[in-house]
Amino acid sequence: MKKFIPALAMSLIMSTFMVSAPQAATAKAVFAGGCFWCMEGPFDKLKGVTATTSGYAAGKASTANYGQVSSGGTDHVEAVQITYDPDIISYATLLKTYWVNIDPFDARGQFCDKGHQYTTAIWTKNSEERQAANASKADFQKLAKGNGSFKTDITNYVSFYPAEDYHQDYYKKNPIRYKYYRGGCGRDRRLKAVWGNLASH
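Take the sequence shown: its letter number 178 is residue 234 in the working numbering, and every next letter is one higher.
Structure, rendered in structure tokens:
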């Protein structure tokens, strides 16, 4: 019994510690850069990013499906939601990766995909994110090669609806189809033209 009591006490202490130990906080960023298939990979590579989710930003829940969004008949925009640990990677660093993976000069869509549903946008959730996004936009405008101003909207976050399962990690699950789509769409050629050696994918 004497041996059991210390063991029981230790078990209770460990249980209390496990219950009360704070969980690592995560944050979420939502960016639109054309086809969401192409926007997961660049962020998945970053240390501190724990998940990327393809989905539909803004619009109504009732029309948040690929058939309706891709037809251009809704207010949604294809986007990616990035879940990250702000103690490891900053929102500003996510923005750096975002800019060099889009063509911010195109107001009509991205690469071969045209329409409102393929336009670029950053949805901010507080004043700090809005300030960081605006500062980043100004900085990268100086680095980009193109005519005119950036057409990427920076706006308040409204909603995000995850896309259908078959869209998630598409570049991993369907590498051959993804490669042909990306190449045929001219994405990498245009990114190289706009960003030079800064382009990443």
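Ideal Cβ positions, reconstructed from N, Cα and C, are used throughout, including at glycine. Being a predicted model, the structure only gives us computed values, none of them experimental.
For F216, which three-state DSSP category applies?
-> strand
Beta-carbon gap between T153 and T82 smaller than 7 Å = no
Test item: CB-CB of F216 and G111 under 7 Å = yes
Under a three-way DSSP split, which group does I232 fall into?
-> helix
Can the beta-carbon of V136 be found closer than 7 Å to that of E185?
-> no
6 Å Cβ shell around C91 - same chain, five flanking residues per side excluded | D169
Residues bridged to D209 by DSSP?
-> A177
Whether I210 touches I178 by CB criterion (7 Å) = yes
Taking only the alpha-carbon atoms, compute the straight-line gap between N190 and A148 and give it to the nearest angstrom.
-> 10 Å
Nearest-angstrom Cα separation, counted from D143 out to V105 = 11 Å
Report the rounded CA-to-CA distance for K207 versus D162, giving the unit in angstroms.
-> 6 Å
May I have the straight-line CA-CA distance separating K181 from A255, to the nearest angstrom?
-> 27 Å
E134 - partner residues in DSSP beta bridges = Y112
Residues that D169 bridges to, as DSSP identifies them | Q166
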